[in-house]
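Quick note: to get our numbering, add 10 to the position in the sequence shown (first position is 1).
Ideal Cβ positions, reconstructed from N, Cα and C, are used throughout, including at glycine.
Heads up, the thing below is written out as structure tokens.
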Amino acid sequence: MLERDGREGRTEVTFVLPADTPPGPVSVVGDFNEWKPGTHELTPRPDGTRAVTVALAAAASHSFRYLAAGDYWFNDDSAEGRPDGNSHLAT
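Have a look at this one:
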């Protein structure tokens, strides 16, 4: 799930997943962090989910995926898909 909060000149996007699905560490990897795993790792929240917030330029388009333990790549069901297989996010 994606949560968006517009700020002056940027959009803060929070990437949210259930606590244990998939199990183990998960990071969001995309063109906004040069596809570097571990740069934006999701951390537990009090409500039982895990999340990470990333500040992105407003009026931009980004591709991303999640990377879990065991080299398991997956998309966000709440995001638009792209022909290249990645999730798409417009800010």
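Proximity winner among the options, relative to residue i (alpha-carbon distances)
{"i": "residue 67", "options": "12, 15, 19", "result": "19"}
{"i": "residue 83", "options": "59, 90, 97, 63", "result": "97"}
{"i": "residue 62", "options": "79, 44, 35", "result": "35"}
{"i": "residue 91", "options": "80, 74, 78", "result": "74"}
{"i": "residue 94", "options": "50, 40, 29, 25", "result": "40"}
{"i": "residue 31", "options": "100, 86, 14, 99", "result": "86"}
Simplified DSSP state of residue i, which is helix, strand or coil
{"i": "residue 94", "result": "coil"}
{"i": "residue 41", "result": "helix"}
{"i": "residue 52", "result": "coil"}
{"i": "residue 69", "result": "coil"}
N-terminal and C-terminal residue of the beta strand (DSSP E) that residue i is part of
{"i": "residue 28", "result": "20-28"}
Test item: CB-CB of residue i and residue j under 9 Å
{"i": "residue 76", "j": "residue 23", "result": "no"}
{"i": "residue 27", "j": "residue 59", "result": "yes"}
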